[in-house]
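One structure is given here, and the rest of the page talks about it.
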Amino acid sequence: MNSGMDQKRLNRIRPLMEQFIGESNQLPGAQALVWRRGELVDFQSAGYRDRENRLHVEEDTIFRIYSMTKPIVSVAAMMLFEEGHFQLFTPVSEFIPGFRNLQVFKEEDPETGAWITEKPNHPVTIHELLTHTSGLTYGLQAAHHPVARRYNEMQLEGDALPLDQVVEKILEQPLAFQPRSRWHYSVSTDVLARVVEIISGKSIDQFLQQRLFDPLGMKDTCYFLPAEKHGRLSEIYCIANWFDHGNTPEDLEQQWREGAVASRLVSGETHRCLEPHQAFRGGHGLVSTASDYLNFCRMLLQRGRWEGEHLLAPKTVELMTMNHIRPPMMPLEIRGYEIPGEGFGLGFAVNIDVAASLNLGSVGTYGWAGLASTHFIIDPLEELILIQMAQFIHPPEQLLFKYLRTAVYQALID
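Residue numbers (the numbering used here): 355 to 768.
Encoded structure:
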């Protein structure tokens with residue numbers, strides 16, 4: 355099969371990766387995987403999975419994929435949608451009654467600092483969980499909203515509680531915004547995972563294993579990594595001040611460009627995958643390999659089909675990968691960093707304006723990223739998949755991926 359890619363041009367990927375990893379020391383290690391027209395065109399590994407012990411990134415290195423968990427959980431939810439368990443307009447309260455009592459933050463009393471709340475203009479729906487328009491927020495948005503600061507104080511993102519208890523804690527706080535009033539990145543996918551658990555009667559890890567990981571042969575994708583695989587897990591690195599929520603995107607970008615790579619992180623949250631636990635989340639928590647995640651992406655590129663069977667219907671994949679965000683809510687932004695040219699579907703960012711995105715690509719390309727420099731895109735028009743794996747908690751702009759994207763698209767000649 356002809357991949358339609360120029361090998362000489364593809365050879366630009368390796369020195370590009372080495373530039374980021376070696377010369378500038380901006381990344382400890384990384385992988386880039388390119389799939390086109392049904393074949394693996396390029397798979398590059400560079401740098402270290404453990405910089406201190408000089409252990410290299412290998413093809414089977416395992417990475418914490420953080421928010422690249424979200425598309426997987428969104429697909430799981432849409433499997434239940436296909437089975438008739440809900441409609442996209444179904445209120446979340448049909449499955450989680452506590453949503454009936456949610457209020458919406460309006461303002462802080464200037465004298466007492468007390469929160470003034472109001473009723474939501476309508477019940478939060480499954481659609482709003484999938485599209486991040488539910489009014490929920492994230493602790494990482496703490497610099498931008500009082501409710502997000504409260505989430506951060508509660509340590510919701512790093513909480514070791516089971517998912518049902520996490521959702522109970524979420525419901526202790528009001529919504530940050532009226533539902534469907536804006537796009538705001540949030541814990542919505544954690545709530546969505548709880549809906550999957552309630553409908554299926556299975557924990558989210560069991561559901562994903564049975565309905566997605568086993569059928570797709572994703573043998574290294576899980577929430578808890580067995581002891582025999584611990585040596586393949588990459589260490590994780592970070593800009594020293596990333597967790598200071600007062601930092602602006604510009605601050606972090608400058609530090610990163612100056613090579614501000616910290617020593618590897620060691621904490622319960624970053625290493626929880628090494629020990630048995632029940633803290634399964636919908637928005638993060640999975641570990642995976644580039645090869646495993648490729649299988650997930652190939653299934654989507656094939657419009658839900660895998661080895662002769664459909665895990666999702668083509669029309670469902672089509673619905674998930676079209677933009678659902680109204681123009682007044684755009685451009686999308688996270689922590690004050692804009693994502694121009696992108697809309698959002700049911701679990702994926704979707705390109706709606708190539709020129710505005712300032713990237714090579716196609717309208718309709720979709721994908722998402724993870725906190726520690728993992729990223730993927732699927733371009734149906736070009737029959738193309740690009741996956742980046744790394745373990746560096748980055749500034750909001752994933753600069754290496756933008757360069758990789760350019761290197762891949764400039765190699766397309768047919």
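All residues carry an ideal CB built from backbone N, CA and C; glycine is no exception.
Asked, Found
"Sub-8 angstroms separation of Pro528 and Leu456 beta-carbons", "yes"
"Continuous beta strand (DSSP E) stretch holding Arg403: start and end", "393 to 404"
"Whether Arg391 touches Glu737 by CB criterion (8 angstroms)", "yes"
"Where the beta strand (DSSP E) through Leu484 begins and ends", "Leu484 -> not in any beta strand (DSSP E); alpha helix (DSSP H) instead, spanning 480 to 485."
"Where Ile367 falls, given that 16 or more other Cβ within 10 Å makes a residue buried", "buried"
"For Phe544, three-class secondary structure by DSSP", "What sits at residue 544 in the sequence shown is Asp, not Phe. Three-state DSSP puts Asp544 in a helix."
"Per-residue burial, Pro425 [other beta carbons within 10 Å of its own, 16 or more giving buried]", "buried"
"Closest by C-alpha distance to Gly636, when choosing among Cys576, Cys592, Ile679", "Cys576"
"For Ile558, the three-state DSSP class (helix, strand or coil)", "helix"
"Three-state class that DSSP yields for Ile470 in the structure shown", "strand"
"Nearest to Arg408 (by Cα), restricted to the options Ala431, Glu661, Gly585", "Gly585"
"Residues that DSSP places opposite Arg390 in a beta bridge", "Glu393, Leu738"
"Residue from Arg689, Gly690, Pro685 whose Cα sits closest to the Cα of Glu696", "Pro685"
"CB of Ser421 within 8 angstroms of CB of Leu655, strictly", "no"
"Arg418 burial status per 10 Å Cβ neighbour count (16 or more: buried)", "buried"
"Helix, strand or coil at Pro630 [DSSP, three-state]", "coil"
"Three-state class that DSSP yields for Glu462 in the structure shown", "strand"
"Thr575 (DSSP reduced to helix, strand or coil)", "coil"
"Integer-rounded CB distance, given that Thr543 should sit under 8 angstroms from Ser447", "Contact flag wrong, Cβ pair sits at about 18 angstroms."
"Inter-residue spacing [alpha-carbon to alpha-carbon] between Val762 and Gly718", "17 angstroms"
"Straight-line Cα distance separating Ile416 from Ser642", "5 angstroms"
"Segment limits, alpha helix (DSSP H) that includes Asp707", "That residue, Asp707, is in no alpha helix (DSSP H); it is neither H nor E in DSSP."
"Cβ neighbours of Met676 in the same chain (closer than 6 angstroms, five flanking residues each side left out)", "Gly699"
"Coarse secondary structure for Met676, derived from DSSP in three states", "coil"
"Beta-bridge partners of Pro445, as assigned by DSSP", "Thr479"
"Touching by the beta-carbon criterion (3+ pairs, under 8 angstroms), the region 369 to 378 and the region 391 to 406", "yes"
"Cα-Cα separation, Thr491 to Tyr539", "6 angstroms"
"Thr466 versus Asn475 - alpha carbon distance", "26 angstroms"
"Same chain, Cβ closer than 8 angstroms to Pro451, neighbours up to 5 away in sequence not counted", "none"
"Three-state class that DSSP yields for His538 in the structure shown", "coil"
"Where the alpha helix (DSSP H) containing Phe730 begins and where it ends", "Phe730 -> not in any alpha helix (DSSP H); beta strand (DSSP E) instead, spanning 728 to 733."
"Buried or exposed by the 16-neighbour rule on C-beta atoms within 10 Å, applied to His770", "Because the chain is modelled from 355 through 768, residue 770 falls outside the range shown and cannot be assessed."
"Test item: CB-CB of Thr423 and Leu740 under 8 angstroms", "no"
"Reduced DSSP secondary structure (H/G/I, E/B, other) of Ile367", "helix"
"Helix, strand or coil at His638 [DSSP, three-state]", "coil"
"Same chain, Cβ closer than 6 angstroms to Gln560, five either side skipped, listed in chain order", "none"
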